[in-house]
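Novice: Before I ask anything, let me first share the structure, which is written out below as structure tokens.
Number of protein chains: 2
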Amino acid sequence: MAPTLKEATGNQSSWDTLLPDLPKGPLCRYRRKASFNWKEMAVFLDGEDIIQLKNRIFSALESDPLFAHHPGEDLCREKYQELTFLRCKRLFEYNFLTLQEIRENPLKILCLLSCMGMYDWSPSLQYLLHCGVFAGPILSASERFADFVKQIYEMKVFGCFALTELSHGTNTKGIRTTATFDPSTQEFIIHTPDFEAAKFWVGNMGKHATHAVVYAQLYTPDGQCHGLHSFIVQIRDTKSLLPVPGVMVGDIGMKLGQNGLDNGFAMFHSVRIPKENLLNMAGDVTPEGRYSSSVKDAKERFSAALGSLSTGRIFITAISITNLKLALSIAIRFSAARRQFGPTDDEEIPVLEYQMQVDLGREIHALCAASKPLVSWTAQQAVQECREACGGHGYLAMNRLGDIRNDSDPNCTYEGENNVLLQQTSNYLMSWMNCIRDKAPFESPLGTIKVLQDYHHILGWKFTANSVEDCMDSSVPLAAYKWLVCYLLKESDLKLRKEKQSGRSDFEAKNNCQVYYCRSLAIAFIEQTALQRYHDYTHDPSIPSTLQPVLKKLSALYGLWSLSKHLAVLYQGGYASGEQAGKFIQNAILELCYRLKDDAVALVDVFAPPDFILNSPIAKANGELYKNMWAEILQGSKTLNRPSWWAELCINKPVIGRLRSKL
Amino acid sequence: MAPTLKEATGNQSSWDTLLPDLPKGPLCRYRRKASFNWKEMAVFLDGEDIIQLKNRIFSALESDPLFAHHPGEDLCREKYQELTFLRCKRLFEYNFLTLQEIRENPLKILCLLSCMGMYDWSPSLQYLLHCGVFAGPILSASERFADFVKQIYEMKVFGCFALTELSHGTNTKGIRTTATFDPSTQEFIIHTPDFEAAKFWVGNMGKHATHAVVYAQLYTPDGQCHGLHSFIVQIRDTKSLLPVPGVMVGDIGMKLGQNGLDNGFAMFHSVRIPKENLLNMAGDVTPEGRYSSSVKDAKERFSAALGSLSTGRIFITAISITNLKLALSIAIRFSAARRQFGPTDDEEIPVLEYQMQVDLGREIHALCAASKPLVSWTAQQAVQECREACGGHGYLAMNRLGDIRNDSDPNCTYEGENNVLLQQTSNYLMSWMNCIRDKAPFESPLGTIKVLQDYHHILGWKFTANSVEDCMDSSVPLAAYKWLVCYLLKESDLKLRKEKQSGRSDFEAKNNCQVYYCRSLAIAFIEQTALQRYHDYTHDPSIPSTLQPVLKKLSALYGLWSLSKHLAVLYQGGYASGEQAGKFIQNAILELCYRLKDDAVALVDVFAPPDFILNSPIAKANGELYKNMWAEILQGSKTLNRPSWWAELCINKPVIGRLRSKL
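Chains as they are written, first to last, in this note's numbering: chain A, 98 to 760; chain B, 98 to 760.
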């Protein structure tokens, strides 16, 4: 979970070898004022190994004509899809990470994904969907797919993951595609009852996939349904890429973003597949057609079938953080170079990466279910604020904040709609109320719910800071968050019991407890967890003394800023009282923004990718924003052209009101 | 300002004539449950006259092949710009409103703009920029432009409004284009000193405009600068549409939205224009080159020169409200027809029934808000919430929430960046502090600052509601808002004085008072104003008793929901105390959402345009969301096609790791 603390190794000359100097220009003014060395920070946070991997990826893309940018060109969606596929294919040829390297440091996959995504999410996601999301459940099924897995990694087949249907996404139990076993041929018959049950939204399915992992209700010959299972189904011929008989497959059309990626639909008309294509992680069928499963409980079987979704949520957290880095790089460099606006906008905070990488059962699930909404919403809102902070120039497509926002947007929806996910986290937290009441011990392998152990004690805490200066450490918001989690848990539990006592069904009662109660609880819990980690990290004595002050300020600012959104509850529940408490928090936020202002450009230098990857004229490292924009504009092939329809303006004049009589 | 109360005239049969029945389908369930008749509400709110105008515009567009939709077609930007221009030109031929009609009811212009915008903002804005923003300052200058105005409305010329420069937008005083008078030829010489002073972002300038209203610093031959003035400058030949000598003009490229509109740039290389082309509303130059002005004060002259920007802000408010109507029409109809989960496995309930979803309804009330930052931010955030509330299907371009969001986005920036505008409002409010201290009388022709008259008295108010039911009327949030405005005014004033006392310059002191003080004050003030209007409107005894209950509920919900964002300040400043106050407000919001849930579909029926205009398969009036989407998808010309680059997948396989050695 906690990022491993690394010794800040090396010295200026070793940092210079890893990270070349940034070009001189208007931003130097701020770089000189920074309280720390951005190269030292980058080496400390990432380590040499990761920086070298980043350099390798970034320079490969920059040197490869297939990845060249085409400024001013209006790429139509079809061309963009073709280019995306060619770029995805090229990643197989680069093979940036070997299995060996991944085994040594699995974080490198996130690094690869993020570096690729900084260039463009469409090819990165196409690659991830094939190698990860499609391959994942096949890898975890059983040995019998070893050959097929080899074909996947050699791109002999191309895959997609088909769960969602047109009328069912979030409610996966409502999936209506069926897989009926026919013992006479030892086959499953995959069938779509009607168009509302068509598989829908499936990434890679629109144009490319030859095979799909299809989720369907498994029926045995006795007519019994055994719930959701997954199957490998071929959908297109691998030689001709034409649909196989019985499969109607196509592209679902233009989206708000990620348009290089081909999301598709498919309907199956009694398509027969070999019995072996059942991904038998939770259950299997005998040749005679009897269902057998090592997992007796239907609910658990369901969870096992969908287990791979947690990985997806971790990826989305990483994607959102990457988007946040891009948007901040653009907005902060722009704000620092754009003289009209002054140094930096003090509302938006450079949020350093708070890493979340986990490994255990229910707790993992509860954490992923809440970190994904927290980070995807934070990114979405921050990207929009960055867009606005860059004014009109932020609205110009070439500066990229639009693509970042539009590509980031679906993170709030796919792999579990954010509000639905938060409900799973609050359910998990509420499930501990019995232990709290009975003073029974807690099982928290990751320690994230340790806070509940002191529930009764913490509920008696009060806000005690006596000055703004008192609030300048993240321990102050952290204490407030602990109280907040306990208080919201108490209130949610009370509210739920009241709803049930008034005769409402479980379903209705839970539904009525979301807004202001369970939803707030889940958000406060995940914010507290993130802050705890970041607080511990920044206060560790092994952090180089050159970097610790700025990291501690960021930790305090993140904590106070997040907390300020809950200020009303702190007052309402009696944790805070009087005019001063709120003012201390607000003034500490303002003071921290002021103190961090001169570090903002250097902080962005730590995580900004090279100019070629960042690809935003207003955000180039040299800070010459107008020159860079002007150059980009004049590169457009038709920038100065007369429009081809000029005669419609000059010659064919409208007859005013000609059509009025027809109204 | 306040909408005129109209008698709800007519009866069912007259309503039916004006407003045809909506098609039957899954939404009927909710329509039957509505507490009011949507047709009666529409007639009451708009009046017959406006409804007839709407019908005329909507049906003209639907019957005109030039306005046909092309589902599944990937319109490139150039084609989109051409189509936009042709559609704009067609509006001259329809001439929907005569000058006579506009004089009788100026609100009809907003109606026309909104109806057109509901179809597509690009042609509507092109038309508005020419007929309004370009023509406006010319109309208000002097009689000598009468002939030119005639040419404008006959589209013999095509115009744009050129104020912003590449490096100066918000700070208009920093404009660097010059206009130097040459008495020897009786001409002004328009000149751009360097590319950073190029006119930039100018709508209609990219491809179409033949003339521009150009803002420049006026210099007399004695070398004196007389500040910003506007001039008519020809930029393209009216016969050939080629640039005139000395003008370099072009398109600034792709934007995040509104891509049918051609935003452009221009640089002037000592371009000579006749003396008469000075728009002499505030100042003029004698033939000898002496400057003369009826407005002596330079500041006032500056205001006069930019006076037309206020109109622009009113239009933006109308645009934002229209976008909100579109997004809500889509999200609420979708939510009412989309079923997901349910109390039992075989009974799924419409997502509208979920508490989180109903929160959307809260935003309905922002419709009556009255300021550009408030409304543009509300619209931007609400459209994003609508997008998320529609899940994945909201991310599909065909359902239009993306275009609405992307086209709505610049409203936060142009015609005055929102935060800068709010500063102007707070400055105005702070200017009354002396009157408050001296107990001097107030001048408030519109009565919006009447609240400050009781400043000292109001500061002593407390939250007094004793139950949730007590809070169900907008008088409760309204009273809280009055306290809030006075309290934030007091605090902002204190903070400013403290900053000044500590030796900070005026600029610095004001800058340090924005966050948590002046900015909050301006927002609270405009929310209070909007709520006061809406409260008075909905409580007027002349409102039909059939409509009043739902309107009053909306008023209370809008007030409470807006207020809930300020809850911390209510506690902090001592207006509220104890756990109950906050709970009453929160529970009243939830209860109102619950009571309004069954009215949501009918409320949307009141303002939703016809299906052809709304153009969103998931939001059609019949509510058959899957059928409508499926039909739209299959209309795409290449939906089922094999990609042209299929061999790149099937035949030309990647050699895994081929390029790794080159890294």
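For each residue, glycine too, the CB sits at the ideal point set by N, CA and C.
Would you verify that the beta carbon of residue 308/B is, or is not, closer than 8 Å to some beta carbon of chain A?
Specialist: no
Novice: Look up residue 389/B in the DSSP assignment and say whether it is helix, strand or coil.
Specialist: strand
Novice: What in chain B is Cβ-close to residue 563/A, meaning under 7 Å?
Specialist: Those do not exist, as residue 563/A stays about 17 Å from chain B at its closest Cβ, beyond 7 Å.
Novice: Residues in its own chain within less than 7 Å of residue 241/B by CB, not counting five upstream and five downstream?
Specialist: 373
Novice: Over what stretch of residues does the beta strand (DSSP E) that includes residue 364/B continue unbroken?
Specialist: Counted as a single uninterrupted DSSP element, the beta strand (DSSP E) harbouring residue 364/B occupies residues 360-365.
Novice: Consult DSSP for residue 311/B and reduce its assignment to one of helix, strand or coil.
Specialist: Residue 311/B falls in the strand class under three-state DSSP.
Novice: Please go through the same chain and pick out, in chain order, the residues whose beta-carbon is closer than 6 Å to the beta-carbon of residue 449/A, but skip the five residues on each side of it.
Specialist: Its pLDDT being 23, under 50, residue 449/A is placed unreliably by the model, and nothing is read from it.
Novice: Measure the alpha-carbon distance for residue 711/A versus residue 423/A and round it to whole angstroms.
Specialist: 7 Å
Novice: Three-state secondary structure (DSSP) at residue 296/B?
Specialist: strand
Novice: Measure the Cβ-Cβ separation of residue 508/A and residue 473/A and say whether it is below 8 Å.
Specialist: yes
Novice: For residue 725/A and chain B, any beta-carbon pair shorter than 8 Å?
Specialist: no
Novice: Could you tell me the distance, in whole angstroms, from the CA atom of residue 703/A to the CA atom of residue 167/A?
Specialist: 27 Å
Novice: So which of 735/A, 742/A, 575/A, 614/A has the shortest CA-CA distance to residue 682/A?
Specialist: 575/A
Novice: Residue 626/A to residue 568/A, Cα distance in whole Å?
Specialist: 19 Å
Novice: Counting only Cβ pairs nearer than 8 Å, list the residues of chain B close to residue 578/A.
Specialist: The premise fails here: residue 578/A is roughly 16 Å from chain B at the closest Cβ pair, so nothing lies under 8 Å.
Novice: For residue 760/A, return the contacting residues in chain B, with the cut-off set at a CB-CB distance below 9 Å.
Specialist: 153, 154, 156, 157, 191, 193
Novice: Going by C-alpha distance, which of 349/B, 165/B, 305/B is nearest residue 338/B?
Specialist: Of the residues 349/B, 165/B, 305/B, the one whose Cα lies closest to the Cα of residue 338/B is 305/B.
Novice: Please name the residue, chosen from 251/B, 178/B, 222/B, 237/B, that lies closest to residue 753/A on a Cα-to-Cα basis.
Specialist: 251/B
Novice: With a threshold of 8 Å on Cβ separation, who are the neighbours of residue 689/B within its own chain once the five nearest residues in sequence on each side are excluded?
Specialist: So the list reads 569, 650, 653, 654, 657, once near-sequence residues are dropped.
Novice: What are the residues of the region 294-306 of chain B that lie near chain A, defined by any Cβ-Cβ distance shorter than 7 Å?
Specialist: 298, 304, 305
Novice: Helix, strand or coil, according to DSSP, for residue 411/A in the structure here?
Specialist: helix
Novice: CA-CA distance, residue 723/A and residue 432/A?
Specialist: 13 Å
Novice: Residue 344/A and residue 365/A - do their beta-carbons sit closer together than 8 Å?
Specialist: yes
Novice: I want to see whether chain B comes within less than 8 Å of residue 224/A, judged by CB atoms only; does it?
Specialist: no
Novice: Helix, strand or coil, according to DSSP, for residue 275/A in the structure here?
Specialist: strand
Novice: Is there a Cβ from chain B that is less than 8 Å from the Cβ of residue 620/A?
Specialist: no
Novice: Would you say residue 336/A lies against chain B (beta-carbon separation less than 8 Å)?
Specialist: yes
Novice: In chain order, what residues of the same chain lie with their CB nearer than 7 Å to the CB of residue 239/B, ignoring the 5 residues before and after it?
Specialist: 377
Novice: Leaving aside the five residues before and after residue 647/A along the sequence, list all residues of the same chain whose C-beta is less than 7 Å from its C-beta, in chain order.
Specialist: 132, 133, 696
Novice: Taking all protein chains shown into account, do 16 or more other C-beta atoms lie within 10 angstroms of the C-beta of residue 394/B, making it buried, or fewer, making it exposed?
Specialist: Burial state of residue 394/B is exposed, judged by a 10 Å Cβ sphere holding fewer than 16 other Cβ atoms.
Novice: Between the region 169-189 of chain A and the region 217-225 of chain A, do at least 3 Cβ pairs fall closer than 8 Å?
Specialist: yes
Novice: Suppose you measure from the CA of residue 440/A to the CA of residue 694/A; what does that come to, to the nearest Å?
Specialist: Its pLDDT being 34, under 50, residue 440/A is placed unreliably in this model, and the coordinates cannot settle the point.
Novice: So, are the CB atoms of residue 489/B and residue 494/A less than 8 Å apart?
Specialist: no
Novice: Under the three-state reduction of DSSP, which class applies to residue 258/A: helix, strand or coil?
Specialist: strand
Novice: Report the three-state DSSP secondary structure of residue 316/A (helix, strand or coil).
Specialist: strand
Novice: With three or more C-beta pairs closer than 8 Å as the rule, is the region 275-287 of chain B touching the region 317-335 of chain B?
Specialist: Touching, per the Cβ criterion.
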